[in-house]
DNA sequence: TGCCTTGTTTAACCTATGTGAATTGCACGG
DNA sequence: CCGTGCAATTCACATAGGTTAAACAAGGCA
C-alpha cells in the first residue's frame, strides 16, 4: 500500500495551502483563512454544488473529490468548461455580486467547505493580500479555460487528451494528490472527458488507447498513471505557466 | 448618409457608459471614472497593445476600433480567445497583480485610453462600487470566453459563425455602434474569424455564404448586416444572458 | 445464481471540415 | 496604365473524428 495520500487535514488546510502557494500571506492572514472554512459538507457523485448560479452567502471550496462546471447546448449535449479539484473555489460569482451563469456538479464523492461571505469580507479588510490571492485563483481558472479553448480550437484529439492529463497531473500534484509512482485518481468517465474536450466517447477511447500503446499513460479503474511525464509533456507541448502565479 | 454613429465623446465617456450599464454608480463615482481615462493613444491595425502580458502601471481601455487577445499554438497557428470592442478593458492582469499570459493586438485602427493604477486605487477606495463594476467586466469577459468554448466544443460551423455574429451585434449595439439598419463594422478578415472559431479560412467562407443565401447575414467591405436579427438568433439559439449583469 | 446497470471496447461506415492550389476582385503606389 | 498584394472565392480531394450498434467486463442486488 505505498503512496498513502496524506494524513487527514483540517478543513481549512487545503484552501490555506492553495492561497499561500499563490501569494505570500502574513501569519495572521493565514490563520484567518484556515479558520474561515466551515465543517465540510459531503456530496455524492453527480450531485449539484451550485445550480445555475443560485448563489447564497458563502463561498464554496472543494476540499476533496472532483467536480466540474458545465453548460448545456440547445441540442441537449453538455459542454464541461472547467474541472474543479481540491482547493479550487467552486464559483466566483460572489466576486462580482452576480450569480454565476453555470452550474457545478460533482463527478465523484466530494466534500465542500463554506466560507461565509461576511466573514471573508472582514478578513479581506484586515488582510488585503487575501483578496489578491483570491483574484489570482480566479485568474488561473480563467487561464485554464483559455487553455481548454486553445485545445478545442487548435489541437487534435491526441494532444487534447494528453494536454488535459498533463494539466490534471500538475494541478493534483500541487494539491498533494499525486502518488510517488506518478499515479493519481481521475474519477471521470471517458464520456465526461469527451464532454470537456469536444470529442465523442468512442474517439476518447481510441485516443486513450494510443497513449497506452505509446507507453505514455495508463488509465484503469479511475486511476491514471503517467510513467513518463516528460515524454507526455513534450508530446503535447504542455507548459504549466498558465496555472501559476508569477 | 444615415446612421452616423454618434458625436465625438470625451475619452472617458465610453468606459463610463460601460460601467454604468453594469452597475449603479453614484454621481461622484461616475465623474471620477469619466475623468480617469487619459487622452487616447492611437494604434494602427495589427499593432500590439499588450505584449505577452508585459504589464505596467495603467489599465488600458479600448475606446474605438477592434482588438483581440490570442495565444499561439506550438505549430505556429494562432488561437484568438476574445474579441475586444470599445469599452472593454484590454487586460485584466492588474486585478491579480500578475502579468497576463496573453497578448492583445489590434485588428483595425484603434484608440486606447489609459487609467493610472494608483488613481484607480484611489477611486475604488472612495467608491467601492467601481470595483464591483470592474469585476463584472471581468466576469462578463470570462462568460464570453466560456461561450466561445461551448461553440468550439459543441457547435457546428454554421452555428459558430452565426453565434459569434449575434454576439458582436449585441456587444456593439450596447456600445452604440450598430446603425439604424442593423449594420455594423466588423473589421475582421475571414481568416481571423477562423482563428477564433477553430475553422479554416475556406470553411469560414463557405459558411458565410450559406448565411448570405439564407438571407440572414451579409458581410462586405468589413460591414456586417443582419437583416433579420431574430431569425439569426433563433438559428443558433443565441441567448445574451452571459453578456449582462443581473 | 443470474440479471441489471454502467462503463469500456470494437467494428463498419459516414460526413463535416481541412488542405492545397488556382482564380478573381480590388485597392494602392508609381 | 500597369504591377503588387491582400482578401475573398472556388474546386478537387483527403481525413480526422462522428455515429450507430453491438459485444464485453465488472459490480450491485434481488
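Residue numbers (this note's numbering), protein chains in the order written: chain A, 1225 to 1470; chain B, 1225 to 1470. Heads up, the beta-carbon is just placed ideally off N, CA and C, and yes, glycines get one too.
With 16 as the cutoff for other CB atoms within 10 Å, does residue i come out buried or exposed?
| i | result |
| --- | --- |
| residue 1242/B | buried |
| residue 1370/B | buried |
| residue 1295/B | buried |
| residue 1271/B | exposed |
| residue 1391/B | buried |
| residue 1447/B | exposed |
| residue 1373/A | buried |
| residue 1454/A | exposed |
| residue 1225/B | Residue confidence for residue 1225/B is low, a pLDDT of 41 falling below 50, so the modelled location carries little weight; the figure read from the coordinates is stated next. Exposed: under 16 other Cβ atoms inside 10 Å. |
| residue 1281/A | exposed |
| residue 1251/A | exposed |
| residue 1363/A | buried |
| residue 1193/A | Given a span of 1225 to 1470 for chain A in the structure shown, any question on residue 1193/A remains unanswerable. |
| residue 1298/B | exposed |
| residue 1458/B | exposed |
| residue 1346/A | exposed |
| residue 1465/B | exposed |
| residue 1375/B | buried |
| residue 1248/A | exposed |
| residue 1302/B | buried |
| residue 1350/B | exposed |
| residue 1300/B | exposed |
| residue 1404/A | exposed |
| residue 1246/B | buried |
| residue 1460/A | buried |
| residue 1378/A | buried |
| residue 1473/A | Any answer about residue 1473/A is impossible in this case: the structure gives chain A only from 1225 up to 1470. |
| residue 1400/B | exposed |
Which residues does DSSP list as the beta-bridge partners of residue i?
| i | result |
| --- | --- |
| residue 1286/A | 1336/A |
| residue 1306/A | 1293/A |
| residue 1313/B | 1285/B |
| residue 1239/A | Answer is none; residue 1239/A lacks a bridge partner. |
| residue 1272/A | 1329/A |
| residue 1407/A | 1449/A |
| residue 1379/A | Answer is none; residue 1379/A lacks a bridge partner. |
| residue 1442/A | 1449/A |
| residue 1261/B | 1339/B |
At what residues does the beta strand (DSSP E) containing residue i begin and finish?
| i | result |
| --- | --- |
| residue 1292/A | 1291 to 1296 |
Just to confirm the assignment, what range does the alpha helix (DSSP H) spanning residue i have?
| i | result |
| --- | --- |
| residue 1327/B | Note, residue 1327/B: premise wrong, no alpha helix (DSSP H); beta strand (DSSP E) at 1327 to 1330. |
| residue 1430/A | 1425 to 1437 |
| residue 1413/A | From DSSP, residue 1413/A is part of no alpha helix (DSSP H); its letter is neither H nor E. |
| residue 1265/B | First-last for residue 1265/B: 1265 to 1267, but that is the beta strand (DSSP E), not the alpha helix (DSSP H). |
| residue 1350/A | 1341 to 1350 |
Quick one: is the Cβ of residue i within less than 8 Å of any heavy atom of the ligand NAP?
| i | result |
| --- | --- |
| residue 1321/A | For the ligand NAP, the structure offers nothing, since it holds no ligand at all. |
Legend entry - the segment 1443 to 1465 of chain B: positions lying closer than 8 Å to chain A by Cβ: Among the residues of the segment 1443 to 1465 of chain B, those with a Cβ less than 8 Å away from any Cβ of chain A are 1461 and 1465, in the order of the chain.
Legend entry - the segment 1258 to 1274 of chain B contacting the segment 1422 to 1438 of chain B, beta-carbon criterion three pairs below 8 Å: Taking a contact to require three or more Cβ pairs closer than 8 Å, the segment 1258 to 1274 of chain B and the segment 1422 to 1438 of chain B do not qualify as touching.
Legend entry - Any 3 or more C-beta pairs closer than 8 Å across the segment 1348 to 1359 of chain B and the segment 1314 to 1325 of chain A: Yes: the two stretches touch, three or more of their Cβ pairs being nearer than 8 Å.
Inset, instruction - Would you list, in chain order, the members of the segment 1297 to 1308 of chain A that have their beta-carbon closer than 9 Å to a beta-carbon of chain B? - result: In summary, the residues of the segment 1297 to 1308 of chain A whose CB is separated from some CB of chain B by less than 9 Å are 1297, 1298, 1299, 1301, 1302, 1303, 1304, 1305 and 1306, in the order they occur in the chain.
Inset, instruction - Determine which residues of the segment 1404 to 1433 of chain A have a Cβ less than 7 Å from any Cβ of chain B, and write them out in chain order. - result: Residues 1422.
Legend entry - At least three beta-carbon pairs within less than 8 Å, the segment 1402 to 1419 of chain B to the segment 1325 to 1344 of chain B: Verdict: yes, contact present.
Legend entry - Contact list for the segment 1236 to 1254 of chain B against chain A, Cβ threshold 8 Å: Against chain A - using a Cβ distance shorter than 8 Å - the segment 1236 to 1254 of chain B contributes no residues.
Inset, instruction - Scan the segment 1373 to 1406 of chain B for residues whose Cβ lies nearer than 8 Å to a Cβ of chain A and list them as they occur along the chain. - result: Cβ contacts with chain A come from 1373, 1374, 1376, 1377, 1378 and 1379.
Legend entry - Three-pair Cβ contact test at 8 Å for the segment 1428 to 1435 of chain A versus the segment 1380 to 1387 of chain A: Here the segment 1428 to 1435 of chain A lies against the segment 1380 to 1387 of chain A, with 3 or more beta-carbon pairs under 8 Å apart.
Inset, instruction - Check distances from the C-beta atoms of the segment 1348 to 1363 of chain B to those of chain A and list, in chain order, the residues that come in under 8 Å. - result: Contacts with chain A (Cβ-Cβ distance below 8 Å) from the segment 1348 to 1363 of chain B involve 1356, 1359, 1360, 1362 and 1363, listed in chain order.
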